[in-house]
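Written below as structure tokens is the structure these notes are about.
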Ligand SMILES: Nc1ncnc2c1ncn2[C@@H]1O[C@H](COP(=O)(O)OP(=O)(O)OP(=O)(O)O)[C@@H](O)[C@H]1O
Ligand SMILES: [Mg+2]
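Residue numbers (the working numbering): 1096 to 1469.
Rendered as structure tokens:
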């Protein structure tokens, strides 16, 4: 997909802006706290249905104003034009329309405009808590497989209900073992499906990530990603989860929540045989996170037949110049990308098909370079 234009009104620190984008590189520079991330957020909001930075959409309204409004126009890879609008009055709900048709809720936009986003927080993807790696895997699988998304939602639902039963028992209420047995069955079934879907997804991602990693570095650095199932080293599926739940029965009853399932699983990452979490440098962790996002984009494109929009917020700090040009080469000709940096020198002037915007206090300069997505 290509984002052709974005109109922003009273959004964050942006009073009013109408921007046209290049269908290849869009570089956004400016000092800290001027509005670079705000612009990426305003594009990404049409992909996720909400901001990636906050769940409180009233925070998006410019201070002192009573509403915000965004209009994004673009076209699919097959050339179909579309128009997306989102807005909110101060005390109202967020409203969304697709091609002029009002949606019932913002989540209806999920899946319409695929995108991948790298934010500085993602540096922690490889070395932070396991939840980040599960979210990465689940988000990718959900974008390409509606079946996986349905399994995941049902799993979460069952987990919630099972936990509330256990919580009541632990607090001294009745322990309804028959009801728990029903939840065990549902949890084992859906949990097994989630693990299977994740493992399949990780196989595809890890192959692509390894290729990208080697290409950017110009050598084989032995990147390995492996699924670690918390309750069964062989990730045997439904039966082993059922057995793990039975084995945990007494502790669950005491502690009041579910102690086995894919919500404890992890992805192990290694570079040249070393655990990334413990040994990788800061620059390698950043590169690995960027590579994982690029692999995500490739998987989405291969499975969906639609190119995701690539949003990269401040990716270049800590990366050496060779790696920076390797990443730029990977993006070139593949995706429309939006890349921010407080350092103008991260974007050499001779990149073809690139537009450069400078933002100061929410005001964007007219772009240099080809402004228009034709
Ligand atoms: N609702 C709002 N109304 C007005 N201004 C806002 C609002 N929300 C955030 N801001 C302002 O937006 C600015 C931050 O913008 P943004 O996060 O895009 O900065 P940035 O250019 O990405 O900076 P950095 O280089 O530090 O990442 C801050 O000055 C903040 O006060
Ligand atoms: Mg920023």
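For each residue, glycine too, the CB sits at the ideal point set by N, CA and C.
Run of the alpha helix (DSSP H) containing residue i, from where it starts to where it stops
i, result
"residue 1395", "1377-1399"
"residue 1133", "1131-1143"
"residue 1254", "1241-1265"
"residue 1334", "1333-1342"
"residue 1374", "1371-1374"
Nearest neighbour of residue i, chosen from the options [CA to CA]
i, options, result
"residue 1174", "1413, 1345 and 1098", "1098"
"residue 1406", "1105, 1133, 1128 and 1325", "1133"
"residue 1385", "1368, 1396, 1413 and 1252", "1413"
"residue 1087", "1362, 1339 and 1366", "Since the first residue of the chain shown is 1096 and the last is 1469, residue 1087 is not available in this structure."
"residue 1236", "1212, 1276 and 1293", "1293"
"residue 1308", "1367, 1355 and 1269", "1367"
"residue 1373", "1300, 1221 and 1439", "1221"
"residue 1371", "1417, 1316 and 1356", "1316"
"residue 1206", "1219, 1152, 1145 and 1149", "1145"
"residue 1295", "1320, 1147, 1189 and 1126", "1320"
"residue 1151", "1172, 1141 and 1183", "1183"
"residue 1438", "1129, 1105, 1096 and 1349", "1129"
"residue 1378", "1399, 1312, 1334 and 1348", "1312"
"residue 1382", "1213, 1345, 1448 and 1247", "1213"
"residue 1096", "1328, 1116, 1260 and 1363", "1116"
"residue 1429", "1119, 1232, 1102 and 1247", "1119"
"residue 1335", "1299, 1153 and 1285", "1285"
"residue 1196", "1179, 1189 and 1202", "1179"
"residue 1427", "1401, 1121, 1216 and 1234", "1121"
Segment limits, beta strand (DSSP E) that includes residue i
i, result
"residue 1165", "1162-1170"
"residue 1405", "1404-1408"
"residue 1211", "1210-1213"
"residue 1454", "1449-1455"
"residue 1269", "No beta strand (DSSP E) contains residue 1269, which DSSP labels as neither H nor E."
"residue 1221", "Premise fails: residue 1221 is in no beta strand (DSSP E) and is neither H nor E."
"residue 1124", "1120-1124"
"residue 1411", "Counting along the chain, residue 1411 falls outside any beta strand (DSSP E), and DSSP gives it neither H nor E."
"residue 1173", "Note, residue 1173: premise wrong, no beta strand (DSSP E); not H, not E."
Assigned exposure category for residue i - 16 Cβ within 10 Å defines buried
i, result
"residue 1457", "buried"
"residue 1341", "exposed"
"residue 1323", "exposed"
"residue 1461", "exposed"
"residue 1391", "buried"
"residue 1242", "exposed"
"residue 1230", "exposed"
"residue 1228", "buried"
"residue 1469", "Because residue 1469 carries a pLDDT of 41, less than 50, the predicted location of this residue cannot be relied on, and the following value inherits that uncertainty. Exposed, because fewer than 16 other Cβ atoms sit within 10 Å of the Cβ of residue 1469."
"residue 1355", "buried"
"residue 1467", "Bear in mind that a pLDDT of 49 at residue 1467, under 50, signals an unreliable position, so the model cannot answer this."
"residue 1455", "exposed"
"residue 1369", "exposed"
"residue 1393", "buried"
"residue 1210", "buried"
"residue 1449", "buried"
Ligand 1 heavy atom lying under 7 Å from the CB of residue i
i, result
"residue 1128", "yes"
"residue 1315", "no"
"residue 1185", "no"
"residue 1121", "no"
"residue 1382", "no"
"residue 1327", "no"
"residue 1217", "no"
"residue 1433", "no"
"residue 1156", "yes"
DSSP three-state assignment for residue i, whether helix, strand or coil
i, result
"residue 1468", "For residue 1468, the pLDDT reaches just 44, beneath the cut-off of 50, and the residue's location in the model is therefore unreliable, leaving the point undetermined."
"residue 1417", "helix"
"residue 1291", "helix"
"residue 1364", "strand"
"residue 1235", "helix"
"residue 1354", "coil"
"residue 1098", "strand"
"residue 1315", "coil"
"residue 1111", "strand"
"residue 1103", "strand"
"residue 1202", "helix"
"residue 1304", "helix"
"residue 1185", "coil"
"residue 1152", "helix"
"residue 1128", "coil"
"residue 1461", "coil"
Distance cut-off 7 Å: residue i Cβ against heavy atoms of ligand 2
i, result
"residue 1441", "no"
"residue 1149", "no"
"residue 1190", "no"
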